[in-house]
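Chains as they are written, first to last, in the numbering used here: chain A, 1 to 444; chain B, 1 to 293; chain C, 1 to 342. Don't be surprised by glycine CBs; every beta carbon is placed ideally from N, CA and C. Let me begin by presenting the structure, written as structure tokens, before commenting on it.
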Amino acid sequence: MSLLSKTLALATSALIAAATLTSVAQADEATGQQLFPLFSYRTGPYAPSGIPQWAGYRDYFNYINEKGGVNGVKIFVQECETAYTLERAFECYERYKNGYAGAPVAVLFTTSSGFDAAISDKARLDKLPIISVAGGRGDAVDGSVFPYQFPLLFDYWTEASIVIEHIANQAGGYDKLNGLKIATLYHDSGYGRETIQPMAILSEKYGFENIQIAVPHPGEQQQAQWQQIKRAGVDWVFFRAWGVMSPVGLKTAARVGFPADRIIGDIWTGSEEDARPAGAAAKNYLAVSVFPSGTDFEITKELKKNVIDAGKGDLKDVSKFGSVYYNAGLVQAIIYTEILRTGQKKFGNRPLTKEEGQWAAEHLDITAERIAELGATGLLSPLKITPQDHEGDPAAKIVQWDGQKWNAVTDWLKGDRPLFRDAIYARAAAYAKEKGIEPRQAQN
Amino acid sequence: MSFFLETLITGLFAGLMYALVAIGFVLIYKASGVFNFAQGAMVFLAALAFVTLVEHGFPFWIAFLATAALMVVVAILVEALVLRPLRNRDSLTLFMATLGLSFVIDGTAQFFLGTDVHMLDLGIDDIAEDYAGILISHFDIVASLIVVTLVAVLAIVFSKTRMGVSLRAVADDTLAAQSIGIRLPVIWRIVWSVAGLVALVAGLLWGARQGVQFSLSLITLKALPVLIIGGFSSIPGAIAGGLIVGASEALADIYLGPLVNGSVSTWFAYILAVAFLLIRPAGLFGDRDIERV
Amino acid sequence: MPSGLLSRLDAPLLPIVAGLLVTFAVIPAMADDYWLSSIIIPTLVMGLAGIGLNLLQGYAGLVSLGSAAFMLIGAFSAYNLILRVPGLPLPLVLLISGLIAAAAGVVFGLPSLRIRGFYLGASTLGAQFFFEWLFSNFTWFSNDSQSLTISAPRLEILGYSLQSPLGRYFLAASVTVLLIGLAFLIVRSRLGREWMAIRDMETAASVLGIRVARRKLQAYAISSFFLGVTGVLWAFAYLGTSDAHTFNLDKSFQVLFIVLIGGVATIFGNFLGAAFIVLTPILLDRVVLAADLSFLGDQGALTNLQRIIFGAIIILLLIKEPDGLSALLRRARQAVRNRYAG
């Protein structure tokens with residue numbers, strides 16, 4: 001008897017669970033809103049990089065919604081925790097790709113280069129535009145091969161050339177690069193490997209010795225790699241870490257006696273979360289920065305007043321407000337709302353479909369004036385996307401950690417993007433061939 | 001040559017740090033026959049609790065004692081909620097239970113204490129100094145002194161105290177030990193508490209080196225080959241195993257890694273451990289009766 | 001001769017026909033894309049992985065902590081076969097990938113001839129880390145793709161594309177049905193009986209003339225074959241894209257959980273275990289969303305809460321249901337029968 005009742009209880013709970021699954025999916029409470037599925041990772045090894053970003057997104061959307069939404073269309077955020085695993089990201093993708101609770105999805109932000117690579121095939125078949133801000137695969141800038149993929153704002157190829165530009169400036173000119181030893185210490189993943197090819201091209205052009213060293217995921221051990229760097233007599237390290245790999249790398253560098261001011265971090269290696277846990281070892285460490293930290297931007301002040309001080313913010317630890325990752329989330333949220341506005345101008349002030357989202361993303365044009373209107377001057381550089389160029393005009397600053405905060409040591413650097421054009425487009429063409437994609441004709 | 005020596009020495013130091021984690025496993029395995037996968041989660045929990053207390057302004061010793069108390073509470077809970085109901089079950093089931101336990105522990109730690117990366121400063125510089133042409137970190141020396149002290153204390157406790165004798169009796173013959181009146185639950189609680197304290201020390205040293213964050217729990221995976229080489233039930237074995245793994249892994253990474261275009265540290269220790277197993281199935285210092293396992 | 005086969009298997013015809021009907025008619029007709037892609041396909045495939053490990057662990061009594069490594073080998077083999085041997089039909093690709101995984105299984109099963117019990121876990125863990133490294137370190141395996149990912153080639157059988165969710169479901173389901181049949185054949189054959197003899201009493205088995213070493217290696221080979229085929233399905237029928245880290249240690253542990261939760265030495269129990277593994281995180285996530293538990297903390301805190309609950313459920317199941325969910329179901333069925341029959 002007790003067994004029977006136990007089984008019944010089990011069956012009932014299974015039924016309830018199934019009912020929850022379907023009923024949640026069928027509620028129409030969000031009709032008239034625009035769905036933003038947020039693929040978060042608040043747990044797992046990369047959570048510290050994620051949490052402030054999600055807060056940046058959520059606080060901005062909160063702020064926009066309180067003011068009535070984007071031209072009256074509210075943003076319906078559905079967070080889906082992935083714990084940085086592909087399986088969970090896929091489930092999230094399947095759950096939200098056709099909209100949710102009556103709210104359609106216009107574009108999808110992939111929030112990680114790993115998810116971006118994994119989802120891109122599905123998204124192409126589903127004709128759903130996916131956007132990764134300052135991440136994703138470099139060759140997706142070729143809009144004719146990748147109509148649904150947008151590596152907006154910045155890419156790792158340009159980053160490589162900006163790093164070389166900075167080193168050249170320090171050395172006293174590009175001609176002084178000849179004979180220098182520049183090591184790239186990278187996270188062994190698609191993201192980390194993205195700079196192998198551009199560094200080879202740069203090395204060929206400028207004659208520096210190009211050393212590539214991988215660190216296996218998650219990178220909590222780097223003794224051997226740094227010893228190798230030290231032994232090889234490397235002059236500069238281009239440090240392409242992610243998550244826990246950053247502080248561990250900086251501490252290990254100090255341990256083997258490699259100077260921090262000769263290490264230039266990647267944009268995802270240059271936040272407070274990367275430098276602070278390394279303590280004194282991080283002092284004078286350099287990094288490439290696309291997302292400036294700080295709380296003095298007009299929009300940040302607005303958020304402080306209306307969201308943070310009102311106790312409606314997403315951050316548990318308010319000291320993260322205005323940090324690099326927080327501002328990264330904020331910038332991405334601003335770009336998202338601007339895509340919606342672009343689309344609404346053509347299709348009307350209503351939630352956009354994915355076809356309309358794709359058009360909007362391809363015609364995004366955030367001018368300097370518009371940035372000023374948004375109160376984001378200094379936070380975001382102008383961004384113009386075309387059907388041929390899915391990135392815009394990348395630029396970054398070099399910043400330095402003084403032990404407490406990041407300070408810019410250069411102005412916006414542009415690098416040498418045209419240098420890679422052929423290689424990038426050749427890669428895109430090779431991809432098109434492998435997948436049997438017919439590159440679409442230029443159109444406007 | 002001096003580079004070779006430097007690699008070897010830093011490898012040996014790293015090996016002692018592995019051994020520190022492995023000792024926690026050995027204690028629990030000896031007393032309860034459980035391969036405790038949650039040891040890494042315990043290291044993480046201890047470090048996170050400690051660093052949170054310190055960040056809230058508590059002095060070192062109070063934070064240390066409070067965390068130690070927390071680890072004792074964890075040990076008591078584990079005994080009551082997991083070990084006792086699973087008594088007399090096969091080792092694989094127990095192992096799976098500790099896997100579940102590791103989810104519970106690191107989930108709880110992060111639920112209450114957050115997922116941030118914390119810096120843990122023990123006041124020991126981790127900067128290389130030149131000793132006769134070889135760069136050695138001051139931190140490594142202090143850390144290995146701490147490990148040696150800890151092992152000495154454990155050895156004295158287990159050979160001289162009543163509790164230690166009971167523990168060895170349990171490890172030798174559980175049934176006989178029970179028949180002479182040794183109460184297993186008590187022994188388990190004590191041993192899990194001691195393992196918790198070892199986890200605390202490991203957490204402080206590893207946390208000071210890597211920062212206190214989620215990946216700290218992954219050092220379980222580093223301790224496993226150490227255990228296989230040293231034997232699951234021997235503390236000297238754990239130390240020898242740690243030294244072997246640390247040194248050979250460091251050398252392999254430097255000299256073998258470039259030949260195969262990448263770091264080999266994720267798997268090298270395991271393949272080494274398998275080789276050891278084939279030559280010496282019970283590990284260097286392990287019991288002979290692994291078939292029972 | 002299917003009827004002869006069935007009688008040899010001592011299998012009742014009715015449940016089999018009903019099962020096939022549900023698999024190939026009812027589910028495809030009822031389920032929508034989300035259910036197929038996110039719940040049913042992964043449950044089937046992980047259940048199959050559970051069978052693979054259960055043959056080794058439940059029937060032959062050998063430990064493996066690195067099941068995902070063999071799934072990984074299967075997935076990358078299939079990718080390279082399709083890429084480099086054009087025109088190879090899909091069933092052959094699956095078969096060869098399984099065989100490659102089986103060969104690797106034999107190599108990493110060799111230590112079982114000398115060591116027993118939990119220590120064996122080390123060898124298979126070695127396989128886990130070694131192959132994860134191998135397939136991500138040598139980009140040849142992923143056709144030099146910078147992202148190290150392999151993506152599904154065009155899946156088709158006799159020109160019929162299996163790219164849609166339904167097509168991928170049919171692929172996964174047919175392979176699963178075939179392999180379930182194979183698994184039953186194996187465990188009821190002499191091989192299966194000898195495995196159990198070795199599991200229960202190795203010395204006695206060898207006295208009885210069972211060739212223990214050979215049987216053990218066969219267990220590794222067959223288990224790895226199942227896992228290899230499962231890996232292909234996981235990478236291409238379920239995910240569509242994957243990389244070496246898709247098949248990491250967590251996946252190996254999931255397969256272990258499936259076996260223990262579903263029931264050691266069962267076949268269908270594995271699907272219960274798989275359903276538990278696949279559904280629990282999704283359900284917890286949904287419940288949290290639906291119940292609006294935000295007062296407990298942000299999404300991160302809630303995810304950690306889910307982690308705690310998941311761990312606790314596993315411990316609880318291990319304590320309360322030593323023989324797994326399938327034993328629970330069996331007893332329930334028995335109880336119902338007693339109640340209405342008597």
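- The shortest C-alpha to C-alpha distance from B:Leu86 to any of C:Lys320, C:Val336 and C:Ala335 is the one to C:Lys320.
- Using a Cβ-Cβ cut-off of 8 Å, A:His217 counts as an interface residue toward chain C, since at least one Cβ of chain C sits closer than that to its own.
- Membership of A:Phe76 in the beta strand (DSSP E) is indicated by the continuous run Ile75 to Glu81.
- Taking 8 Å as the upper bound for CB-CB distance, A:Arg262 and A:Val288 are not in contact here, some 15 Å apart.
- At a cut-off of 8 Å between beta-carbon atoms, A:Thr82 makes no contact with chain B.
- Contact between the region 231 to 244 of chain C and the region 77 to 96 of chain A is present: three or more C-beta pairs spanning the two stretches fall below 8 Å.
- Under the three-state reduction of DSSP, C:Ser242 is assigned to strand.
- With respect to chain A, the C-beta atom of C:Ile282 has a partner C-beta closer than 8 Å.
- Judged by their CB atoms, B:Leu92 and C:Val287 are not nearer to each other than the 8 Å cut-off.
- Around the CB of C:Phe70, 16 or more other CB atoms lie within 10 Å, so the residue is classed as buried.
- Distances from the alpha-carbon of A:Leu185 to those of A:Phe39, A:Asn210 and A:Phe109 put A:Asn210 closest.
- C:Arg307 is a Cβ neighbour of B:Gly107, given a cutoff of 8 Å.
- Burial state of C:Tyr160 is exposed, judged by a 10 Å Cβ sphere holding fewer than 16 other Cβ atoms.
- Ranked by Cα distance from A:Glu369, the first of A:Ala360, A:Val409, A:Leu383 and A:Trp359 is A:Leu383.
- Within 8 Å of the CB of B:Gly262, the CB atoms of chain A belong to Asp188, Ala214 and Pro216, in sequence order along the chain.
- Under DSSP, the beta-bridge partners assigned to A:Ala103 are A:Tyr100.
- Remark: C-beta atoms of B:Thr220 and C:Trp133 do not approach each other more closely than 8 Å.
- When DSSP states are grouped into helix, strand and coil, C:Gly209 belongs to the coil group.
- Against chain B, a Cβ distance below 8 Å from C:Trp133 picks out Gly262, Val264, Thr266 and Trp267.
- Boundaries of the alpha helix (DSSP H) around A:Asp59: Ala47 to Glu66.
- Note on B:Asp172: under 16 other CB atoms within 10 angstroms of its CB, so exposed under the neighbour-count rule.
- Distance from B:Ser263 to A:Gln227 at the Cβ level is roughly 12 Å; contact not present, criterion being Cβ atoms closer than 8 Å.
- Under the Cβ criterion of 8 Å, C:Tyr220 is not counted among the residues facing chain A.
- The criterion of a C-beta distance shorter than 8 Å is not satisfied by B:Ile190 and B:Val170.
- For C:Thr139, same chain residues with a beta-carbon under 6 Å away, outside a window of 5 residues either side, do not exist.
- When only Cα atoms are considered, A:Leu419 and A:Lys435 end up about 26 Å apart.
- Contact of C:Gly240 with chain A by beta-carbon distance below 7 Å involves Asp121 and Lys122.
- Looking at C:Ala31, C:Leu94, C:Pro86 and C:Tyr34, the one whose alpha-carbon comes closest to that of C:Ala78 is C:Leu94.
- For B:Ala273, a Cβ of chain C is located within less than 8 Å of the residue's own Cβ.
- A distance below 8 Å separates the beta carbons of A:Pro129 and A:Ala361.
- Within 8 Å of the CB of A:Phe36, no CB atom of chain C is found; the nearest one sits about 14 Å away.
- Leaving aside the five residues that flank C:Ser123 on each side, the residues in its chain whose CB is nearer than 7 Å to its CB run, in chain order, Phe108 and Pro111.
- One thing to note: A:Ala101 has its Cβ within 8 Å of the Cβ of A:Glu29.
- For A:Ala395, the CB contacts under 6 Å within the same chain, skipping 5 residues up- and downstream, are Ser381, Trp412 and Lys414 in chain order.
- The beta carbon of A:Arg440 sits closer than 7 Å to the beta carbons of Ser144 and Pro147 from its chain, once the five residues preceding and following it are set aside; these are given in chain order.
- A:His166: member of the alpha helix (DSSP H) spanning Tyr156 to Ala171, first to last residue.
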